[in-house]
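Numbering (the numbering used here), first residue to last: 39 to 230.
Glycine included, each C-beta is placed from N, C-alpha and C at the ideal position.
Keep in mind the model is a prediction, meaning the values are calculated, not measured.
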Amino acid sequence: MDRVTDARDERGDTVVEPASAEAAPGSDAAAGLGSEAESALDPGDASLLALVDRLGVLLDRSDLTELAVEAGGTRLVLRKPVAVAPVSPAAAAGVAPSVAGDGAAPGAAPAPSRPSVTAPLTGVWYGSPAPGSAAFVAVGREVAVGQVIGLIEAMKLFNEIKSDLAGRVVRVIPENGALVKAKQPLIEVEPL
Numbered sequence: 039m040d041r042v043t044d045a046r047d048e049r050g051d052t053v054v055e056p057a058s059a060e061a062a063p064g065s066d067a068a069a070g071l072g073s074e075a076e077s078a079l080d081p082g083d084a085s086l087l088a089l090v091d092r093l094g095v096l097l098d099r100s101d102l103t104e105l106a107v108e109a110g111g112t113r114l115v116l117r118k119p120v121a122v123a124p125v126s127p128a129a130a131a132g133v134a135p136s137v138a139g140d141g142a143a144p145g146a147a148p149a150p151s152r153p154s155v156t157a158p159l160t161g162v163w164y165g166s167p168a169p170g171s172a173a174f175v176a177v178g179r180e181v182a183v184g185q186v187i188g189l190i191e192a193m194k195l196f197n198e199i200k201s202d203l204a205g206r207v208v209r210v211i212p213e214n215g216a217l218v219k220a221k222q223p224l225i226e227v228e229p230l
């Protein structure tokens, strides 16, 4: 089990990060109390640690970079480490234009210029009924009103997302496993 340490950032938020391999002087790990201290936790502390672990897993599986939770007078902020993506030579030369080239934020989906089916709720998007199976919809294929276009997993439930438009699919916006927000465009449709 990964141990976590907490600290305060410049705003005073609690920041939880994985503990380093070396124990800090005076810490439980340095004193050899790691497993003994964990086993001596009261049930409330154990459930709190389990909640923090679940929130960390949720953060890892999502496209979010930061997750803040506030309860009572306590605020907890979990952040992903910032990694700089290597620049490919083609992108550096300007050969491949950016999808969000209109000045929009890199993580934000650009506003669709065509009619689109939007997410009715926030959750994790899946474009096929099972891993390895055919997608519900594909670019270039027709979609009908009421046709299932994908699934959104929210609170351990899979919700079928049905099209409210008919036409030809021009673009499927989210990638499989991506976190989508309510009212976010899912597919763009060209009316027939």
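query	result
Segment contact flag, the region 195 to 206 with the region 175 to 187, C-beta cutoff 8 Å, min 3 pairs	yes
Beta-carbon proximity check, glutamate 228 vs arginine 152, cutoff 7 Å	yes
DSSP bridge partner residues for alanine 168 (one or two, in chain order)	Paired residues: none, contrary to the question.
Delimiting residues of the beta strand (DSSP E) encompassing proline 119	From DSSP, proline 119 is part of no beta strand (DSSP E); its letter is neither H nor E.
Own chain partners of leucine 89 with C-beta closer than 8 Å, once the 5 adjacent residues on each side are dropped	none
Arginine 99 - DSSP class collapsed to helix/strand/coil	helix
Simplified DSSP assignment, three categories, for glycine 82	helix
Sub-7 Å separation of leucine 217 and valine 162 beta-carbons	yes
Bounding residues of the beta strand (DSSP E) (the contiguous stretch that carries arginine 206)	205 to 210
Cα-Cα separation, threonine 103 to leucine 114	14 Å
Extent of the continuous beta strand (DSSP E) run through proline 153	Per DSSP, proline 153 belongs to no beta strand (DSSP E) and is neither H nor E.
Proximity below 7 Å, CB of glycine 94 to CB of leucine 116	yes
Local conformation of arginine 179 per DSSP, three classes	coil
Nearest-angstrom Cα separation, counted from leucine 230 out to arginine 99	37 Å
Which of helix, strand or coil DSSP assigns to leucine 195	strand
Proximal residues to alanine 176 (C-beta, below 7 Å), its chain only, five neighbours per side dropped	Val207
Per DSSP, the bridge partner or partners of alanine 106	Val115
Other residues of its chain near tyrosine 164: CB distance less than 8 Å, five sequence neighbours each side excluded	Gly188, Leu189, Ile190, Glu191, Phe196, Asn214, Gly215
Enclosing beta strand (DSSP E) for glutamate 228 [first to last residue]	223 to 228
Reference threonine 160, options Thr112, Met193, Phe174, Val107, closest by Cα	Met193
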